[in-house]
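A quick write-up on the structure given underneath.
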Amino acid sequence: MKKFITIILPLLAAFAKAESEDICWSMVKENIECCSSDNVKVIGKHMDGTWGEENGKKCGIRNKRYNWNLRDKYDETREEWEAFKVKWDNEYKNNFNRIALTPGADETQLNFGWESLTNIEPVIRISSDKNMKIYKDFIGKNEYYRELDGNKYYSNQVTTTGLKPNSVYYYQRKLDGKWEDVVEFNTYDSNDFKFVFVGDPQIGGSNDRLAYKSKSKMNESSIGNDAFNWNMTVNSFYELTGKPSLLLSAGDQADYMGGDKTQERQYSAYLLPDLIKKIPIAPALGNHEVYSESFRRHFNVPNPMFNALHYKTSYSAYNYYFKYNNVLVVVIESNYNTCHQCEKIISKAVKEYPDADWRIALFHHDLYGNGNTHSQGDAQRLRPCLTGLFDIHKFDLVINGHDHVYTSTHFVKFHDSQNKIYDIAKISKGSVNENPNGTFYVTANCSTGSKFLPFYEGELDYVFNYNQTFTSTFGVLDFQKSDGKVTLTINTYEVDTHDVVDGPYIFKKDERSLSSKKYDDNSFANAYGYPGCKSTTEIKYYDEEGSWGYENGTWCGIDVLQEELCWSAKFGYPCCKETTVVEAVDENGRWGLENGGRCGFIEGQNKELRVNYNKKCHFLDINYKCCTTTMTSSYEDIDGLWGNETNGEWCGIEEEEESYIKGYKWCSDPNTKRYPYNDEDFWGVENGNWCVIKNNTTTDIPLGDCSKYGDYKCCSKQTKLNYIDSTGIYGIVNTKYGVEKSNTGESERCVITSTDNECVFARNNIPCCKPGTKIEEIDEEGKRGIANAKYGINYGLICGIDETEKDTITTIIPTSTTPIPTSTETPTTCWSEPLGYPCCTGIIETEYTDKDGEWGLQNGDWCGITDENKKKCWSEPLGYPCCTGIIKTEYTDKDGEWGLQNGDWCGITDENKKKCWSEPLGYPCCTGNTKTEYTDKDGEWGLQNGDWCGINEDNTTPSTITTRRRTTTTTTTTTKRRTTTTTTTTTTRRKTTTTTTTTKKPSPTNEVCVPAFGQCGGTDYRGSTKCCENLRCVYLNDYYYQCQ
């Protein structure tokens, strides 16, 4: 029998079936009856079968199943398939050391990447002699990656140089200290060469399909099925082209959204074909791969631009570029890229290789597609940004995937209009398109046949051709150069038959010449074929060498660098160009959201800014704004809770936090009625409880001088620093304030602008009291940082009475932000009662300790803690036992930290908290998902807050418990907190109210309506299934239902 890797592909358009199907596939998948016979009108196709119509009703045609690449249905390859299954299960699937070839920076280089079981120095040996008698060794780098199934894996990267065109080479890899067999690879004529492109191999993507003649799903067997199909695709494009120089893979090489063994098996399948060891692969990062580091550990890409942003995300995102002969390829990370990152990678690539005749962009999301699942939703996020960038830099071709359909477009170009950002120029197929005017977009279909999806039903003017063949496909780019002309021909083929799915598209133009300039007015833009701007100063895009404007129907150069204008550039972000909405404020400045990412507002601009949100908003760093009003979550994922604005756009919901006064929440409505207290209007009442009103939540803040801080003026140079606003309650986070007399003689806050102004208490982040404040406490022991210091209360906050400067500073201790109880008498029965404070009831945590005793907070006021309040575990009065032994924290709320034992919640105390191995060595434990920076005999080390920390199993992505928060994992345990009804008396210094409150722990999903094109169902989906208004929840695939 022939070896599988060398099979010549037969025609697989039909397959024999031994007997009629007994299973009604449509009943299993969608609870729809099958047709009474197969001879009915066909009205559509689904991956799992074909739809018919009978008696005016939709029905599943029983014997027209498997509209995807299920190997068991083919008789022609059954012998090879059965042999492959045995090898896959026993030899192939757990080999995670497979090698991946990727392009080098140019055609003279070749990169290699792989994982190994040792940290032995990686070596690639190159020779033009098959016997390897004359060779050159290239040594790379090796670093620890992770432990999987008890094995330590290391990441290896090697770059080889000195390659020449039209040559035969041989290489060997030294894996774990042993030389492997020799592999041949070729380079070809630089004036006549081919690239292959594929969309979504997505190996493992058939896991949710129904297995052959079964009601069960494919599950684990899907990886072997898709591995066989991928092998056939690789053999097919080699057979057709004969000499492919490069493989462009448009993302989602693997299906599983995690970095465990399942995803590693899928990458093992992707790199399994012997022929894949002979061709460099340029892969894009897909949405199924973005949540793990496996992608970058396998693929050693050239010129990577890592995510060096100040506000880092947890995603394995980067961009890269390379030149191959006369073709520049820019690979863009489209999951979480901001427009600024796109600006940087494109301008860097074009600047380094300005003379490349062809410019191609490769990324996952179909920017101009017509798939129903993504093209009109998440795929459009970067459209406003990239349309103009591709137009400026004259990109010829964009290759995408993501939607599992095939689409090709007219030529798309930039259009300067608020209503429509693109225009089209007609394309022709089968004839030459001379000097194309715009960018041609191709959305490639699934290249393994593991998953096929439907089309968007509306009319889209940019679409030229589209189809869904329900077969595996690949595309070929044929580059030719002769007589000063360059030609690119594009065709797409079926894997099984080599039938043309679409094409040919033929583009022809002159070779690019840099010697002659169309404009010469001393602008950087002249080198790109554009003039300098004459009148406009509006910046559309930033560039490595200047900025871009648009006037008189063409791009023009504004000869100023971003760094000259914009303070946020040093953090990796552009300055805001159009938005006037402040989405977040922190110690660095004011932030907006524009073009898919965070932007900084330039100080001194003459524009009125509207503040939507006056604290940190982590959703900006994944390109979404925070919700501007209080709302209930309609969806939750690993990024957090999500809601919908009134315009239907998604927004992030920051989880509720306590205000700067401990024990009180922020008021949800900034316009709630204000109650005066301590000469300030900070307090409101909501649901019968006191809450704290945020200042300046919806105030228009003009820029310039100190007016940007709202109603506060600048302090004089003599005024001492009184308070550092670390929470941003008075406006901008970490603003420094002083206190001065106003014209009426009253004390008012002012903004400190001089570093010479200092109050000694501010060193411990405690404000200075205003003149005449009553002494409430003398800190004899210096627990707050200064021995014998005197403290009072201003605006409900602890403040220091600065009678004399004191320099005896000990240590900074976190302090309570609630009024401090004072001691004047000796305690009797309950020691706090003579001091004017009640005894605490029940089990309670200590909030503050002084010479009188330990203090707690109940009903908005201080109470004294006795031994009775500390006897039992805090969770027992709530109806839950204490945890036993060492246990991990699964959930934290206002009551404390919760664990899970014996299928129920338990309260965690200090005795249950696991100590970290690094603590005895003088280093803390790492928190959250932490990258391993160094490994020694003690363990794995990370870096946090500028210091080393110990990484333990809690710092890896764990299997999670579904409570309030949901993460996508493989193991899910569902528990339920009980619903309690409590009667609470709320006492404050201002007002006492008695209310009866029923408290119910929120469920993971709240039935809030989902807007148009939002997800409303699917496998592992935990969000709302209710669509807004007249929309309905439509099945697209087993993973995704959408509101339409």
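FYI, the numbering for the sequence shown is -20 to -1, 1 to 1024, going by mature numbering (1 follows the signal peptide of the UniProt record, and there is no 0). The C-beta atom is built at its ideal place from N, Cα and C for all residues, glycine as well.
With 16 or more other CB atoms across the displayed protein chains lying within 10 angstroms of its CB, A359 is buried. Between E269 and D240 a beta carbon distance of about 13 angstroms is seen, past the 8 angstroms cut, so the two are scored as non-contacting.
Residue state for H26 is assigned as strand, using DSSP reduced to three classes. Closest option to T534, judged by alpha-carbon separation, among Y499, F599 and K550: Y499. Distances from the alpha-carbon of T423 to those of P416, Q448 and T387 put T387 closest. Taking C-beta separations shorter than 8 angstroms and ignoring five residues to either side along the sequence, the partners of T389 in its chain run Y348, I404, I407, F420, Y421, V422, Y442, V443 and F444, following chain order. The continuous stretches of alpha helix (DSSP H) do not include I104, which lies in the beta strand (DSSP E) extending over residues V103 to S107. Between the beta-carbon of E525 and that of C513 there is about 14 angstroms, and that puts the pair past the 8 angstroms contact cut.
For M7, the CB contacts under 8 angstroms within the same chain, skipping 5 residues up- and downstream, are E13, C14 and G40 in chain order. The straight-line gap separating the alpha-carbon atoms of Y604 and G632 is approximately 7 angstroms.
For T353, DSSP records no beta bridge to any residue.
For the pair D482 and T472, the CB atoms are nearer than the 8 angstroms cut-off. A straight-line Cα-Cα distance of about 22 angstroms links L97 and P253. Apart from the 5 residues on each side of it in sequence, D346 sits with its Cβ closer than 8 angstroms to the Cβ of H354, S355, A359, N380, G381, H382, D383, T387, Y421 and T423 in its chain, given in chain order.
Pairwise C-beta distances place the segment 541 to 556 out of contact with the segment 327 to 334, as fewer than three of them are shorter than 8 angstroms. The alpha-carbon of T869 is positioned some 14 angstroms away from that of C896. It is roughly 6 angstroms from the alpha-carbon of T915 to the alpha-carbon of W921. The continuous beta strand (DSSP E) containing R153 extends over residues V148 to L155. G930 and R126 have their C-alpha atoms some 14 angstroms from each other. Counting C-beta pairs closer than 8 angstroms gives fewer than three between the segment 97 to 117 and the segment 64 to 73, which falls short of the contact rule. The Cβ atoms of G569 and V561 do not sit closer than 8 angstroms to each other. Just so you know, the alpha carbons of E87 and K324 end up roughly 23 angstroms apart. A contact is defined here as three or more CB-CB pairs under 8 angstroms, and the segment 450 to 463 meets this definition with respect to the segment 167 to 181. When beta bridges are read from the DSSP output, P263 appears opposite S229. In the DSSP assignment, I931 falls within the beta strand (DSSP E) that extends over D927 to I931.
For the beta strand (DSSP E) assignment, the uninterrupted runs of no fewer than 3 residues enclosed by the segment 296 to 337 are, from N- to C-terminal side, 298 to 304 and 307 to 311. The three-state secondary structure of S527, taken from DSSP, is strand. Close CB contacts of L440 within its chain, under the 6 angstroms cut and outside five residues either way in sequence, are with N350 (chain order).
Counting C-beta pairs closer than 8 angstroms gives fewer than three between the segment 306 to 320 and the segment 149 to 158, which falls short of the contact rule.
With distances taken between CA atoms, A264 lies nearest to I340 out of G238, I340 and T821. Excluding sequence positions up to five before and after V162, its CB lies within less than 7 angstroms of the CB of K110, M112, Y150 and Q152, all in the same chain and listed in chain order. C-alpha of Q838 to C-alpha of W854: approximately 14 angstroms in a straight line. DSSP places M212 in the helix class (H, G or I) of the three-state scheme. Just measuring C-alpha positions, the residue of V310, D830 and T213 sitting nearest A262 is V310. Restricting attention to beta strand (DSSP E) runs no shorter than 3 residues, the segment 492 to 560 encloses them at 527 to 531 and 534 to 538, ordered along the chain. Short of 8 angstroms from the beta carbon of V731, and not among the five residues preceding or following it, lie these beta carbons of its own chain, in chain order: C686, Y689, Y692, K693, C694, C695, T715, K716, Y717 and G718.
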